[in-house]
Structure formats: C-alpha cells, structure tokens
C-alpha cells in the first residue's frame, strides 16, 4: 500500500502539496488571529462584503467574455480588457455632455440607459473588429500565435485610445440620484453599490437566459461543443464566433459603466487589472462555463475585499490592503496549480490545458 | 461578404480600409507628432511621409489585385483607392469645421488639419489639393504595379533608404561630424533639420545604382563565394568575424555618449532576450513573468552592495555570482508549480507570479528589507583594478561582455543534448516524454537558465542606474522582451539582436516615437503573427515548420482542414 502511494507521488507533487498546506495554515492562523483581536466590527465586515459583492459582480460580467470565447476558440482573449475599457471611455464623453446639459440631473434614468447603450455598442463594435482582423485569419494556427496576437492587439487598442482621448484620468460625472445610502436595521448599503449589484445580476440572468433559451444561444453553445457537427447542422460557425465576441463585448461594455460608476474615473489603462482579475474569475469558476464565471467573479470579489483584513491583519502585516492584488494573483496561481478545472469543474480544461 | 464583388472593384474596400487607417493615424496624433521632424528640409516631414507611405501602400495593394485585367483596371483601382482615402481625410477636415472635435479627440488640433490641407489658407483649395494628392497617389501606385519587378525593387529600396537616412539624422550627424572630410559630407547632407534636396537626390541615385548593381551582379558574387575552396571561405568568415569584433570594440568611441547610452539599453534587452529565448524560443514555455528574475537580480545586487540599507557592503564582483544564483533559484522555485501547465495557462500563471513579486516589493510590509516604493539607491559601480565602469561608454563593455558570454552559452546549449531536448519538448511534450526525455529536469533547466541570464542583466542594470525601483519591473518589460524575440524570430539568436535593435534602439533614436512605442509594438506583434510568424531573422527549422504544415499567412479559412479548427 505504502509502496503504491510512494510510486504515485513525485517529488514535485510533495513540494506542491506542502506549499499548499503551509498557505492554508497561514490563512487559518491569520483569520483566527484577526477575529480574536477584534479590530473590525460587524459593520466593517458587512461593508467589506457588500463592496466585494459589487466588485465581484463586475468581474463576473467581464469574465463572461473570457469564458465564452475560451469555450468556442480555446484561446485567452487577452485584448478583452481593452474591449472593456473602450466602452466606458467612449461613453464618458456622452455622460459628461449629459452632465453639462443637466439631463443627468433631470432624467437620470434615461441618461444612464443611454450611457449604457453607448458603452455596450462601442465595446461590441471593438470586439467584432478585433475578432475579424486579429483572430479570424489565425484559425488553426499553433496555440501560441493567437495568444501573442491577443497581447499585441491589447497594447495596440490601449494606445489607440490613449492617442484618441489623451492619457489623463477622466472623472466620471456623479449621478445625484445615486449618492447616499439606504439602511435597513444594521444593514447599510451605498446606493451606487446596490445599483451595481442589481444591474450586474439582471444582465447576468439575461445573458444566461439568452444562451439557454434562444435559438441564437443554442447555436452558440453548439459551436462551442463541436464546430464540425454544428457546421453540418447548418450553423454558420464564423458568424457564431463573431457573435460570441460581440455578446462578450456587450457584457464587458456594461461592466465598464458599472466600474466607472463605482470608481468614478476612466483611463486608457483601466482595463488591465480588472481584465486579469476577471480572467482569474473565469478560471476560478471553470473556464468555458458561464455559471462558473459568475460564481468565480463573485467569489474573487469577496476574497479580494475581505481577504486582506481577514488573512493578513492577523499575521501582523503592515498595510494589508496594498496586497489585495497579490491575493488575487496568488489565488489565480493556486487555482491553476491545484484545480485547473475550477470550482464547477469543466471537462474542457482536461484537453491540453 | 461576397468575395466576387470585392474582387471586381478592389479599389473600394481597400480605399475604405486605408482611409480608416489614415483618419486613425491623424486622430491619435501620430501625424502631428511626427511633423516636427523633416525628412527632406522644407519638402516633406515625417508625418506627411507617414501618411503618404500608408496611402501608396494601400493603393498599391488595391492596384495589385487588379493586375492581369489590363492597365486601365490597375490604374482605376489605384485611383479609386487614392480618391477614397483623400475623400475620407477631407471629410475629417470638414467635420472639424462643423463641430469642435477637440473636446473629445485631444489630438484633433488646428495644426493637424493645416497639415492635412497642405497649409493652404483657403479651405476648399486645400481640399482640392488633398483630392489631387489622392489621385496622384493612385497613379503612382498603379505605375509602381506595372513596372518590371527588378526596377520596382530598385526604386523602393532607394526611396526607403532616403527615408531611413532622413529619419536617423540624429544618429548619423554626430558620427559623421567627427572626421574632417566626412563632416563636410554631413554638412552637405544635413544643412538643418532633415536632408537637403540635393543630398536626397544624390542619395537616391547612389542607392539606386548600388541596388541595381547588386541585383545584376549579386548572384555572381554569391556563387563565387560558394565556389571558393573551403579553406579560403573559412578565412573569409574569420575575417568577417574579426571585423565584427573590432567594430563592436570601438563602437562607443565612435558613437559618442548619447548613442552609447542607447547601445547599453539595447544590450540589456539583448541579454534579456537571449535568456527568454531559451525559455520561449527553445523550450516553448511562454513565460510572461520573466521580469521577476530581472527584478530579483537587480534587488540582490542592490541589497548586497548598497550602503543605504546597511546589511552588506560588498562590491559588484562579489555580489554578481550571488545575484545569478538567486535568479536561478527563483527560476527553479517558480518553475516547479507550473511544470504541468501548458500554453496559455502557463503564460497567465507566470504573469501572476511576476505581478505578485512586484506588488510584494512595492508593499510597505517588506519596506525595511526592500525599500518599498522609494527603492534602493547608492549602488556602487563595477570596477576592475581601478578601472570603473561608470559612464555609458564604459558600461557598454560590461554589457558587451555579458552578451558575448550569454550568447556563447546559449549557442553551445542549442546544439547540445539539452538543447535538442528543449526543442523536442517545444514541438510535442507527450512525444518528447515518450522518447525518454525527463520533462521535469528539462523544463526546470530551461527556467533556471533563462532566469540566470535575466538575473545577470538585472545585476548589470542595477549598477548601471545606481538605484532600483519597483516601478522599473512591471509587466511591460516582460512584454517588451517577448516582442523583441518574436519580432526577431523565436529561437533565433541573431533574431534577438535584430529585434532588440529594431524595437528598443529605433524608438530611443526617434524621440517622437516614445509616446507611440507600445502602439507600434502592438501593431507589430499582430502584423508579425498575421504575415510573418517566424520573425525577421528566423531560425531555419522554425521557418520550414511554419511554412510547410500550417499555412498561416493569408490562407483563407475555407481552404483549411476542418480538423484544424479543433486544435
């Protein structure tokens, strides 16, 4: 028995599992120490959790694009973070115009819906052309080639937008109707955070229903299942791949406006970090899996906002909030190492992950 | 899209694509930024030639598609494309008259539109000129298309060399002006900002003559060299090598301070590129966190030598082996967890590692040891027996020595048993394992070697700057290095040099480029992957492989095997 275990365990496995065990012990120790010390009250934790939910639902929306494209093409669309950036950055100029003309104050709903539509349209158009120019000619190329193209396209788009709109931070206009907070007993929720959570949840439900119920959604799923068979069934595979990019782009555009509402600024480089985080979320949930991406996004958002205070404060680390990105990236690496199939284990990842 | 209809009037779609590109180039500010530099004094600036080259290229593509349908069709396609492009630019100018675009597009300045309408006072006269220029562009492209191939090549080479000489004025002037007779030539060529008209014409004639001579006689010279007995051919190679070494040795003295500084930066990128070339080019492991090892080398050097932190007070040569050792160690430690990952997963995991290390260094938590956001300063210079490597001209030799060492090691490694194992792993991991290659050891050795080279260049970087900051080690550096080896040609060592010169050296020389460097990088990566995935100076096997099995460049999707889709 022992012999068999020893045969199956390679030295690298042992190293890996011991690293994992050490990390787990540190996390538990840190959390217990933080809770025992009691620096943060229940109010703090609730605030952290709501912030995490809001941030996580934005990640989840962006993660849709990654996961759907991966499901269809088995490639990481590195430039998706720029698709995400392009929408709110373009819509900013309309939002600022609405703000100046007073429309944002008198008709906040109409103007916000317009801003959403503009942002989603821009992102969709960018995603469509991205696929057409950068990825379509590369179908069937070795795996590294489209990945490198994606990195190139990502930089190209970033700096095109920088050239067009300038390199400064643009402050998104504040919507009067979204200032302040609602409270119910001990629960206190900022209005804009509530809007972000609700809007993201609605969009995700709509997207899920779209892929599950509509004819188009079924065609999308069938293409990601098996391209040749779908082509034989009369589905235009190339059009469906375009459609995948466009649906993902629209989700990213909506997520971008939510992001701008939450952090109140746009910048040409704003896509990079949320993009990587959303990719992490997609991997976390099981890449290629739409409900997984939702779950992964929300989980990542929560870990990121609760984690630094919970795990690191107890270990006596100074300014733990600075390390929140490190926590997210560590999660990415750990998931890739220990469970590359993600939470909702998708069989896709088994094929040459 | 119906392929037949686009084939019949290729001028229209090409013109629309070209017009879109020209409008984009204008709006992102490239035209205006490049307008500062004249290529030929008072005749054409860099911004104008950027537009002109793009327009002629697109019109040429349009005309080329109509080839074989008679001269009229060729000229027709070229002129249509040219007119559409000019028309789109005119629309942009008119749009600016109607609304103030500057509120959104910060580069849509009056100066830009003045450039577009040839500095004409009268708007409509300017637009007329613009349309005329479009027609002329189309005519020129059609003419170029109908010329015999040899003549076309001579013409294009001569034009390009005039443009390149005009662009590199800042590099050529300080070199030429050092010696008496050459200084006169320099004054003749560059009287002020840009080439003189007579200089440009002279240069055009000389290069055209040289290209023509080479295209008639080049074949004969090559066969003569081939036909030489092996002994004298060997001698010729040796002589070429000696001349190369001599040139490299005296280069900083010839080039002067600024260009030596540029050379040191290029050299550092060559060092880094050679290291990443082992990981990505030889072993096929896409590592996007490569900058981490560069940072580890720099920080080890800084901690061991800088008196600022007060832990150690070593000198450069004592700290160097330890810096490399820590780099190698980090390569192994970060390599173990990612052993089982492939392709894009590996890329993302290593990207994560790189970012984790940068965030940790930046954090207040490790500040007492690593200096936090302020970094570590007062790193001493390297010295040998009293000779201190302080100025760029001296550090150049340090970097040259590093490059020669690393180049030699990777050249020897490539043809070794290990190098062949790396390439086998790159081609197919499973087959390589079945052939008895120890995957764990092979991959870890690739990571460790690459990391060691990276740490070496990090250590040199630290002593070159005299201080290290966490901001010097962001993910852009990893991407830049990746671009260098991909543009140069993956797995090819001369390619790394070419890539570093083209991607790092050129932007340093063309200051206007600095703002658009990453834009050009991105476009270059995409274009490279679409058109020439093997790179500028490809490795022989890789070129064969990419062109035999997988036709990437321009193969329509319909022509591919359906099975390929599922890769």
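Protein chains in written order, with my numbering: chain L, 694 to 1046; chain S, 11 to 577.
Note that the Cβ used here is the ideal one computed from N, Cα and C, for glycine as well.
Where do the N-terminal and C-terminal ends of the alpha helix (DSSP H) with residue i fall, by residue?
i, result
"residue 134/S", "133–156"
"residue 50/S", "Per DSSP, residue 50/S belongs to no alpha helix (DSSP H); it is in the beta strand (DSSP E), 48–50."
"residue 875/L", "Taken as a continuous stretch (DSSP letters only), residue 875/L belongs to no alpha helix (DSSP H), being part of the beta strand (DSSP E) at 874–877."
"residue 1010/L", "No alpha helix (DSSP H) holds residue 1010/L; DSSP gives it neither H nor E."
"residue 928/L", "Neither: residue 928/L is in no alpha helix (DSSP H) and is coded neither H nor E."
"residue 118/S", "That residue, residue 118/S, is in no alpha helix (DSSP H); it is neither H nor E in DSSP."
"residue 309/S", "301–315"
"residue 722/L", "704–730"
"residue 758/L", "735–766"
With DSSP as the reference, label residue i as helix, strand or coil.
i, result
"residue 393/S", "strand"
"residue 571/S", "Model confidence at residue 571/S stands at a pLDDT of 37, short of 50, so the residue's coordinates are unreliable; what they give is reported in the following sentence. Coil."
"residue 204/S", "strand"
"residue 1032/L", "coil"
"residue 697/L", "helix"
"residue 836/L", "coil"
"residue 883/L", "strand"
"residue 443/S", "helix"
"residue 187/S", "coil"
"residue 225/S", "helix"
"residue 358/S", "helix"
"residue 130/S", "coil"
"residue 967/L", "helix"
"residue 772/L", "coil"
"residue 247/S", "helix"
"residue 33/S", "helix"
"residue 322/S", "coil"
"residue 239/S", "coil"
Should residue i and residue j be called a contact, given that it needs their Cβ atoms to be closer than 9 Å?
i, j, result
"residue 149/S", "residue 82/S", "no"
"residue 59/S", "residue 207/S", "no"
"residue 311/S", "residue 424/S", "no"
"residue 812/L", "residue 784/L", "yes"
"residue 184/S", "residue 273/S", "no"
"residue 480/S", "residue 302/S", "no"
"residue 117/S", "residue 850/L", "no"
"residue 546/S", "residue 499/S", "yes"
"residue 36/S", "residue 99/S", "yes"
"residue 89/S", "residue 27/S", "no"
"residue 790/L", "residue 1002/L", "no"
"residue 1006/L", "residue 369/S", "no"
"residue 945/L", "residue 820/L", "yes"
"residue 797/L", "residue 869/L", "yes"
"residue 763/L", "residue 971/L", "no"
"residue 181/S", "residue 269/S", "yes"
"residue 962/L", "residue 778/L", "yes"
"residue 892/L", "residue 947/L", "yes"
"residue 200/S", "residue 172/S", "no"
Please look up how many angstroms separate the CB atoms of residue i and residue j, rounded, as I've assumed it's under 8 Å.
i, j, result
"residue 941/L", "residue 761/L", "5 Å"
"residue 141/S", "residue 96/S", "5 Å"
"residue 979/L", "residue 1025/L", "The Cβ separation is near 14 Å, so there is no contact."
"residue 824/L", "residue 934/L", "7 Å"
"residue 495/S", "residue 290/S", "6 Å"
"residue 340/S", "residue 534/S", "Contact doesn't hold; Cβ gap of about 30 Å is too wide."
"residue 983/L", "residue 904/L", "6 Å"
"residue 510/S", "residue 280/S", "5 Å"
Mind checking who residue i pairs with in its DSSP beta bridge?
i, result
"residue 232/S", "Bridge partners of residue 232/S: none, in fact."
"residue 399/S", "392/S"
"residue 580/S", "In the structure as shown, chain S begins at 11 and stops at 577. Residue 580/S is therefore absent and cannot be evaluated."
"residue 55/S", "48/S"
"residue 863/L", "959/L"
Counting along the chain, where does the beta strand (DSSP E) carrying residue i start and finish?
i, result
"residue 334/S", "Note, residue 334/S: premise wrong, no beta strand (DSSP E); alpha helix (DSSP H) at 326–345."
"residue 288/S", "Premise fails: residue 288/S is in no beta strand (DSSP E) and is neither H nor E."
At a cut-off of 8 Å, would you count residue i as near the ligand ATP, judging by its Cβ distance to the nearest heavy atom?
i, result
"residue 498/S", "The ligand ATP is absent from the structure shown, which contains no ligand whatsoever."
(request) Anything in the region 523–554 of chain S with a Cβ closer than 9 Å to a Cβ of chain A? List those residues in chain order, please. (result) This model lacks chain A altogether; the protein chains it does include are L and S.
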